[in-house]
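The numbers in my numbering rise by one with no breaks, and the one at position 511 of the sequence shown is 545.
Heads up, the beta-carbon is just placed ideally off N, CA and C, and yes, glycines get one too.
In this text the structure is predicted, and so the values were computed from the model without any measurement.
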Amino acid sequence: MQKRLSLLLCSPLLALATSPVSADEPIDVVLIGGGIMSATLGTYLQELEPEWDIHLYERLGEVAQESSNAWNNAGSGHSAFMEMNYTPDASGRVEIQRAINVTEQFEISRQFWAHQVENGILGEPSSFINSVPHIAVVWGDEDVSFLRERYDAMTQNPLYVGMEYSEDRAELAEWMPLIMEGRDNDDRPVAATRMQMGTEVNYGAQAREMVEALTRSEHFTLGLHSEVRDLSRNDDDTWQVTIAHLDSGEESTVDARYVFIGAGGAALPLLQASGIPEAEVYAGFPVGGQFLYTTNPDVVSQHDVKAYGKAGEGSPPMSVPHLDLRYLDGELALFFGPFATFSSKFLKEGSWTDLFGSMTLDNTWPMMEVGLDNFNLVSYLVGQVLMSDDDRFEALQAYYPNAQRDDWTLWTAGQRVQIIKNDPERGGVLQFGTEVVTSQDGTMSALLGASPGASTAPSIMLGLLDRVFPTQVASDEWQSTLTEIIPSYGQKLAENPELLREVRAYTAQTLNLDEPMNLPSADEASQDEPSADEESMTEESSTEAESTTEA
Numbered sequence: 035m036q037k038r039l040s041l042l043l044c045s046p047l048l049a050l051a052t053s054p055v056s057a058d059e060p061i062d063v064v065l066i067g068g069g070i071m072s073a074t075l076g077t078y079l080q081e082l083e084p085e086w087d088i089h090l091y092e093r094l095g096e097v098a099q100e101s102s103n104a105w106n107n108a109g110s111g112h113s114a115f116m117e118m119n120y121t122p123d124a125s126g127r128v129e130i131q132r133a134i135n136v137t138e139q140f141e142i143s144r145q146f147w148a149h150q151v152e153n154g155i156l157g158e159p160s161s162f163i164n165s166v167p168h169i170a171v172v173w174g175d176e177d178v179s180f181l182r183e184r185y186d187a188m189t190q191n192p193l194y195v196g197m198e199y200s201e202d203r204a205e206l207a208e209w210m211p212l213i214m215e216g217r218d219n220d221d222r223p224v225a226a227t228r229m230q231m232g233t234e235v236n237y238g239a240q241a242r243e244m245v246e247a248l249t250r251s252e253h254f255t256l257g258l259h260s261e262v263r264d265l266s267r268n269d270d271d272t273w274q275v276t277i278a279h280l281d282s283g284e285e286s287t288v289d290a291r292y293v294f295i296g297a298g299g300a301a302l303p304l305l306q307a308s309g310i311p312e313a314e315v316y317a318g319f320p321v322g323g324q325f326l327y328t329t330n331p332d333v334v335s336q337h338d339v340k341a342y343g344k345a346g347e348g349s350p351p352m353s354v355p356h357l358d359l360r361y362l363d364g365e366l367a368l369f370f371g372p373f374a375t376f377s378s379k380f381l382k383e384g385s386w387t388d389l390f391g392s393m394t395l396d397n398t399w400p401m402m403e404v405g406l407d408n409f410n411l412v413s414y415l416v417g418q419v420l421m422s423d424d425d426r427f428e429a430l431q432a433y434y435p436n437a438q439r440d441d442w443t444l445w446t447a448g449q450r451v452q453i454i455k456n457d458p459e460r461g462g463v464l465q466f467g468t469e470v471v472t473s474q475d476g477t478m479s480a481l482l483g484a485s486p487g488a489s490t491a492p493s494i495m496l497g498l499l500d501r502v503f504p505t506q507v508a509s510d511e512w513q514s515t516l517t518e519i520i521p522s523y524g525q526k527l528a529e530n531p532e533l534l535r536e537v538r539a540y541t542a543q544t545l546n547l548d549e550p551m552n553l554p555s556a557d558e559a560s561q562d563e564p565s566a567d568e569e570s571m572t573e574e575s576s577t578e579a580e581s582t583t584e585a
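Right, dumping it as C-alpha cells:
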C-alpha cells in the first residue's frame, strides 16, 4: 500500500528528472541526497539566488525514500514538548535549556513551512503537517516527581504556555484512553503533561513537494539513479563530483563551487572521500529501528496523540518508547517503538560493507573507545537485538495494556548513523544529535548524525548558510529575504513573548493547525495557574477536608 502511494506521489519527479551532463563552467551548488535536508537547502538557495545553477543527485529512483520517508521515521514534530530526554542534566536534575533550543528551532521550521505554503512551494498543509497533541507520561514516584519539576520549570518560559499537567487518572483517561485502559490493578502513581499544539509531520511528503517545486526552474537539475562516487578538489578550489548513472552504467563528472552532502547515513563516507581534514575526527555507528504498527481504525481512532515515555535509567535517548498517531500519505496508523536493530549498513538501501569502509586509521580507535566507555549502550543494543516477538509485544502492552496481537505488525524503519567524534581530551565520544561539518573555506559541507534532524531542518540549513555563505548572509539582499522566509530571523522567541504569539498565530493559520489561540502570556499563566506542587497540595487539602466532613 505505502509503496504504491509513494510511487504515485513521486511520478511527476520521475518525468522531470534529467541525466546531468558535464558543464564547461562550474555549476554553483551540488546537493547530494534527495532527502529533507537537500530539499530544504535547495529551497532556501532558489529563493535567495534564483539564478544559481543547482544540481541534486539521488542514488534511488525516487527522492525521500530513505530516512525522510514517513515509514522510516517517527514523524515527530520534535519541539521538545514531550521528549523528556531533552530536559535532564548530567545528574538527572531538570535543566530546560536544551529543550528551549530545540523548541526555538522547531518554531523556525513552522515559519519556513508556512512561507513555502504561501509561495506555492508546499501544497495543502495537511499533506505534510497535522495537529496532534504531544504527551509526556510517566509512572512511579521518582518519575512523577521529575515530570512535575519539569512542568514547573517549562511553564515559566513563554515557549511552553498552554502546557497542562495532571495526575488525575480520570483526566488522563480522557487524554490517552488506550494507555490508561486496563490498569485497574496498577496502583503506581502516574502523571502526564500535554501540549495541544503538538504536530505530526510527514517529511517525505515535504521533501517530494519541495523538490518538485525546484524542478520548475531552468536552473535546477535533478538526477535520479545517480550515485555520487567521488569528490576531489580542483586546482581552482572548485570540486569535481563523479556521478555513476545506475540506469545506464555510465559515469560523468561535474564541477561545482559548493557541495552539500545531505545523504543521511551515507554522508560520512562521502565526506571522507572529499579528503578535507575536518572529516578525519569523525566515525559513524549505525543503528537501525523497528516499530510495531497498526492501521486498524477501531484502534487508531482511540489514540489521537503522540505519547512519549521516559527512557530507563542508563538507556540511550534513542530508547525512549512512544505510541504515536501517524499520518502516512493519506493513511492513519499507530506506531509503537522504537526497537533497535544492528546492521553495518549506513542506509536502509545501503551495503553491508558501509561501516567497514568508513573505518580509517584516524577513527578506528575512537570507535573502540566508545564501545569500551558506553557499556550501557552496548548492553542495550544487545538486549534489543535479542528481543523476540513476545518481548516486543510485552513492551507494547506496557503502554497499551489491552493491545491485541493480531492488530500489530513489525516494520523495519530507516538506519541512523550516530556520530563518533575524536575529542583531543576525552578520546572517542558518542554524540546523539546532528552536526554540520564544513571545510575551512566553506565550499564542502555535510550533515552528520540523527535526531532531532528532519524536524529542525530549516534551522540546521539556516546555520549552514551562515557558515558556507557568510558574505551573502551579511548582505542587505539576503537579510531581507531571510526575514521574509523566517519572520523571527535573528531573534529568540523565548525572550520575545509578543513576537512568539504573533509567529505562532501566523503559522497556525497558514498551516491549518488546530491549536488553542489567544493563549495567556507566560506572566499571566504563572499568575492564573498553580504549579504542579500547588495542585498536588490543593488536592491533598481538598481530600483532607472531605475526610474531615465525612467523619
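Whether residue i touches residue j by CB criterion (8 Å)
i, j, result
"Y199", "T233", "no"
"H89", "V354", "no"
"F390", "V63", "no"
"M116", "A170", "yes"
"S392", "Q306", "yes"
"W273", "M478", "yes"
"G296", "L65", "yes"
"A528", "P211", "no"
"H149", "I494", "no"
"G257", "Y91", "yes"
"F380", "V451", "yes"
"Y416", "T375", "Per the sequence shown, the amino acid found at residue 416 is Val instead of Tyr. No."
"D363", "A108", "no"
"S489", "S160", "no"
"F75", "L498", "One point to set straight first is that residue 75 is Leu, not Phe, in the sequence displayed. Yes; because the gap between Cβ atoms is below 8 Å, this pair is in contact."
"P531", "Q145", "no"
"I453", "Q465", "yes"
"M401", "G462", "yes"
"S113", "V97", "no"
Reduced DSSP secondary structure (H/G/I, E/B, other) of residue i
i, result
"W445", "strand"
"S473", "coil"
"R538", "helix"
"R13", "In the structure as shown, the chain starts at 35 and stops at 585, and residue 13 therefore has no counterpart that could be examined."
"N397", "coil"
"E83", "coil"
"W386", "coil"
"G587", "No statement about residue 587 is possible, as the shown extent of the chain runs from 35 to 585 and does not include it."
"F294", "strand"
"R360", "strand"
"P372", "strand"
"E365", "strand"
"E208", "helix"
"Q561", "Note that Q561 has pLDDT 49, beneath the 50 cutoff, so the model's placement of it is unreliable and no number is given."
"D440", "helix"
"Y199", "strand"
"V339", "coil"
"Q525", "coil"
"L305", "helix"
"T189", "coil"
"I88", "strand"
Exposure of residue i, with buried meaning 16 or more beta-carbon neighbours within 10 Å
i, result
"V275", "buried"
"L359", "buried"
"F319", "buried"
"R127", "exposed"
"Q474", "exposed"
"R501", "exposed"
"W399", "exposed"
"P486", "buried"
"L406", "exposed"
"D87", "buried"
"D388", "buried"
"K340", "buried"
"G298", "buried"
Near the ligand ATP: residue i beta-carbon under 7 Å from a heavy atom
i, result
"E158", "Absence of the ligand ATP is noted for the structure shown, with no ligands found whatsoever."
Whole beta strand (DSSP E) runs in the region 101 to 168 with 3 or more residues, listed along the chain? 163 to 165
Which runs of the beta strand (DSSP E) fall wholly inside the region 232 to 276 and span at least 3 residues, in chain order?
233 to 235, 254 to 257, 260 to 267
| field | Inter-stretch contact at 8 Å, needing at least 3 Cβ pairs: the region 234 to 242 / the region 259 to 269 | value | Because the criterion of three Cβ pairs below 8 Å is not met, the region 234 to 242 and the region 259 to 269 do not touch.
- Task: Spell out a yes or no on whether the region 64 to 84 and the region 440 to 460 are touching, meaning 3 or more CB-CB pairs, one atom from each, closer than 8 Å.
- Result: no
At a cut of 8 Å, does the region 247 to 254 reach the region 175 to 184 through at least three beta carbon pairs?
-> Three or more Cβ pairs closer than 8 Å define a contact, and the region 247 to 254 falls short of that threshold against the region 175 to 184.
* Asked: Where are the alpha helix (DSSP H) runs, 4 residues long or more, that stay fully inside the region 476 to 506, in chain order?
  -> 491 to 502
Q. Quick check: the region 327 to 344 against the region 138 to 158, are there 3 or more CB pairs under 8 Å?
A. no
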